[in-house]
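Enquirer:
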Amino acid sequence: MSERSRTRRRESRWSRSRSRSPVRSSKWDSAADGGGGGDDPVARMAALQQQQLLMQQQHQALLMQQQAQAAAAQAAAIAQATTISQQPPANEMALDAPPTPGNKKQRELYIGNLAVGIVHGEMLRELFNAVLGHMVPDPVATPPVLEVKQDPTGRGRFAFIELRTAALALAALQLDKQLDLCGRAMNIGRPKGYVDPPQFAQQNKLSMAQMFAAQLSGGPSNCVLIEGLANVQTMRNEDEKRELYDEVYAEGSRFGSVSGLAIPTAPPHIPPDQPSPVILRYSSVPAAEKCKAAMDGRQFDDNTLKASFVAEPDFYKAYHGDWFPQQ
Numbered sequence: 001m002s003e004r005s006r007t008r009r010r011e012s013r014w015s016r017s018r019s020r021s022p023v024r025s026s027k028w029d030s031a032a033d034g035g036g037g038g039d040d041p042v043a044r045m046a047a048l049q050q051q052q053l054l055m056q057q058q059h060q061a062l063l064m065q066q067q068a069q070a071a072a073a074q075a076a077a078i079a080q081a082t083t084i085s086q087q088p089p090a091n092e093m094a095l096d097a098p099p100t101p102g103n104k105k106q107r108e109l110y111i112g113n114l115a116v117g118i119v120h121g122e123m124l125r126e127l128f129n130a131v132l133g134h135m136v137p138d139p140v141a142t143p144p145v146l147e148v149k150q151d152p153t154g155r156g157r158f159a160f161i162e163l164r165t166a167a168l169a170l171a172a173l174q175l176d177k178q179l180d181l182c183g184r185a186m187n188i189g190r191p192k193g194y195v196d197p198p199q200f201a202q203q204n205k206l207s208m209a210q211m212f213a214a215q216l217s218g219g220p221s222n223c224v225l226i227e228g229l230a231n232v233q234t235m236r237n238e239d240e241k242r243e244l245y246d247e248v249y250a251e252g253s254r255f256g257s258v259s260g261l262a263i264p265t266a267p268p269h270i271p272p273d274q275p276s277p278v279i280l281r282y283s284s285v286p287a288a289e290k291c292k293a294a295m296d297g298r299q300f301d302d303n304t305l306k307a308s309f310v311a312e313p314d315f316y317k318a319y320h321g322d323w324f325p326q327q
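Counted from 1, the sequence shown has number 125 at position 125 by our numbering; the numbering is strictly sequential.
1) Tell me whether methionine 208 is buried or exposed, calling it buried when 16 or more other Cβ atoms sit within 10 Å of its Cβ.
2) How about the stretch 141–155 and the stretch 175–190: do they share at least three Cβ pairs that are nearer than 8 Å?
3) Just to confirm, is the Cβ distance from arginine 157 to glycine 112 under 9 Å?
4) Buried or exposed: proline 313, going by 16 or more other Cβ atoms within 10 Å of its Cβ?
5) So who's on the other strand from serine 308, going by DSSP bridges?
6) Since asparagine 334 is in the beta strand (DSSP E), which residue starts that stretch and which ends it?
7) State the start and end residues of the unbroken alpha helix (DSSP H) segment that holds lysine 290.
8) Which one of Asn237, Gly297, Met186 and Ala97 has the shortest CA to CA distance from alanine 266?
9) Report the option in Tyr249, Tyr245 and Arg190 whose CA atom is closest to the CA atom of leucine 331.
10) Quick one: give me the first and last residue of the alpha helix (DSSP H) that arginine 281 is part of.
11) Alpha carbons only, please: which of Tyr249, Leu229, Gln274 and Arg242 is nearest the one belonging to alanine 307?
12) Proline 277: buried (16+ other C-beta within 10 angstroms of its C-beta) or exposed?
13) Quick one: Cα of methionine 123 to Cα of lysine 317, how far?
14) Is there contact here, the stretch 160–179 with the stretch 289–306, by at least three beta-carbon pairs under 8 Å?
15) To the nearest angstrom, how far is it from the Cα of proline 275 to the Cα of serine 257?
16) Would you list the residues sitting across from asparagine 303 in a DSSP beta bridge?
17) Buried or exposed: glycine 252, going by 16 or more other Cβ atoms within 10 Å of its Cβ?
18) Can you list, in chain order, the stretches of the beta strand (DSSP E) that have 3 or more residues and sit fully within the stretch 220–272?
19) Quick check on threonine 153: buried or exposed, where buried means 16 or more other Cβ atoms within 10 Å of its Cβ?
20) Got a sec, what are the start and stop residues for the alpha helix (DSSP H) phenylalanine 160 sits in?
21) Roughly how many angstroms lie between the CA atoms of leucine 127 and isoleucine 161, to the nearest whole one?
22) Give the range of the beta strand (DSSP E) segment to which glycine 183 is assigned.
23) In chain order, what residues of the same chain have a beta carbon less than 8 Å from the beta carbon of glycine 321, not counting five sequence neighbours either side?
24) Since alanine 97 contacts threonine 165 with CB under 8 Å, what's their CB separation in whole angstroms?
25) According to DSSP, what are the bridge partners of proline 144?
26) Give me the Cα-Cα distance between alanine 185 and aspartate 176, rounded to the nearest whole angstrom.
27) Looking at the structure shown, is tyrosine 110 part of a helix, part of a strand, or coil, going by DSSP?
28) Report the residue from Thr100, Arg13 and Asp138 whose alpha carbon sits nearest the alpha carbon of serine 284.
29) Can you list, in chain order, the residues of its chain whose CB lies under 7 Å from that of tryptophan 328, leaving out five sequence neighbours each side?
30) DSSP three-state label for proline 101, please.
31) Under the three-state reduction of DSSP, which class applies to proline 275: helix, strand or coil?
32) Following the continuous alpha helix (DSSP H) through leucine 175, name the residue where it begins and the one where it ends.
33) Considering only the alpha carbon of each residue, which of Ser221, Tyr245, Ala288 and Val119 lies closest to alanine 159?
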C-alpha cells in the first residue's frame with residue numbers, strides 16, 4: 001500500500017464530531033512586499049525613526065528582563081540559604097522532601113522474585129521511571145529512580161532501588177505483586193530492618209494507598225484502554241498492526257502528550273474475531289480524560305469504540321506483550 005493511499009485511508013476511517021479547520025493560505029499577503037512607501041524621502045525618514053524607536057524599546061525590554069532574572073535568582077538563593085539554615089531536621093522526613101542521606105531509608109525499596117539471568121538494573125530503572133513518571137514535575141530531568149543495586153551475590157534474584165522522594169516509595173509499595181516483569185509478579189517491599197519514622201503520619205499512607213486503589217479499580221488514570229479498533233486476526237498482520245499504531249498515536253495526540261502506546265500480541269488460543277485491545281498512556285490524567293471522553297462511543301472503520309481507564313501496571317503488561325483480558 002503506497003503512502004498516499006495510506007494517508008487517504010487514515011483520513012476516512014476516523015469519524016469526527018467537528019469539521020476540519022479550513023486550509024490556510026501558504027502565500028504572504030501584499031503587505032509583506034513592503035509596497036506603499038515608494039521613494040518619498042519623508043516616508044523613508046518616518047520609517048527610519050519608527051525603526052529606531054522600536055529598537056530602543058526592545059533594548060529597554062531586554063534590560064528589564066535581565067534585571068528581573070537577576071533579582072529572581074538572588075531571591076531564590078536567599079530563600080534557599082534561609083531554608084537550609086532554618087529548616088528543622090525533621091522536615092527532611094516529609095513525603096515530598098528532596099533526597100538526602102537522612103531520608104534514604106524512606107526512599108529505598110526491595111524488589112524481589114526477579115527472573116534470574118534475565119532482569120537487569122536498567123530494566124528496573126526504565127520500568128519504575130515509566131510507572132511513577134507522572135508523579136514528578138519533569139520525568140526526564142528529574143526521573144523517579146535515582147539508583148538501582150542488584151543482588152550482590154550475582155544471582156540477580158532481587159534488587160534495591162532508591163527513589164527520589166518518600167512519596168514515590170509509598171506509591172510503588174502499592175504495586176506489590178501487581179507489577180509483572182518477564183512473566184513474574186515482583187515482590188515490592190521495604191528493606192530488611194526498616195522501621196517507619198514517627199514523622200510519616202498514618203493518614204499520608206492511607207491517602208497514597210487510596211489513590212492507587214482508585215487507579216487499580218478502574219478510576220481515572222493516565223492510561224486509556226480502547227476496544228473495537230481491530231480484531232485479533234487483523235493485528236496478527238504486522239503491516240496492519242504498524243498502520244493502526246501510527247493512526248491511533250496520531251489521533252490520540254490530539255488530546256495531549258502521548259507517552260506510550262501498547263498493542264499486545266494475542267496468544268494462539270484467542271479467537272481471531274475477538275477485539276484486540278489498544279492502550280494509550282498519557283503524560284497526565286486530564287489528557288487521558290479528554291481521550292476517553294472523545295473515543296468512547298466513536299466510530300472507527302464502521303466499528304463502535306469502547307474506551308475505559310486502566311491502571312499503569314496493565315499498560316506495562318500489555319507493552320511487554322502480555323495479553324490484556326477483555327473487560
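By construction, the Cβ of each residue, glycine as well, lies at the ideal position given by its N, Cα and C atoms.
Since this is a predicted model, take the numbers as computed values, not measurements.
Expert: Checking against the coordinates, here is how it stands:
1) Any answer about methionine 208 is weak, because its pLDDT of 48 lies below 50 and its placement is not dependable; what the coordinates show is given next. Methionine 208 comes out buried.
2) Flag = no, the stretch 141–155 and the stretch 175–190 do not touch.
3) yes
4) buried
5) Leu225
6) This structure cannot settle anything about residue 334, because the visible part of the chain is limited to 1 through 327.
7) 285–295
8) Asn237
9) Coverage of the chain is limited to positions 1 through 327, which leaves residue 331 absent and any answer about it impossible.
10) Annotation: arginine 281 is outside any alpha helix (DSSP H); the continuous beta strand (DSSP E) that includes it extends over 278–282.
11) Leu229
12) buried
13) 14 Å
14) no
15) C-alpha separation (whole angstroms): 26 Å.
16) Phe300
17) With 16 or more Cβ atoms within 10 Å of its Cβ, glycine 252 is classed as buried.
18) 223–227 and 258–262
19) exposed
20) Taken as a continuous stretch (DSSP letters only), phenylalanine 160 belongs to no alpha helix (DSSP H), being part of the beta strand (DSSP E) at 159–163.
21) CA-CA distance, leucine 127 to isoleucine 161, rounds to 11 Å.
22) From DSSP, glycine 183 is part of no beta strand (DSSP E); its letter is neither H nor E.
23) Pro264 and Thr265
24) Confirmed, about 7 Å.
25) DSSP output for proline 144 lists no bridge partner at all.
26) 8 Å
27) strand
28) Asp138
29) Only positions 1 to 327 of the chain appear in this structure, which leaves residue 328 out of reach.
30) Helix.
31) strand
32) Careful: leucine 175 lies outside any alpha helix (DSSP H) and carries neither H nor E.
33) Val119
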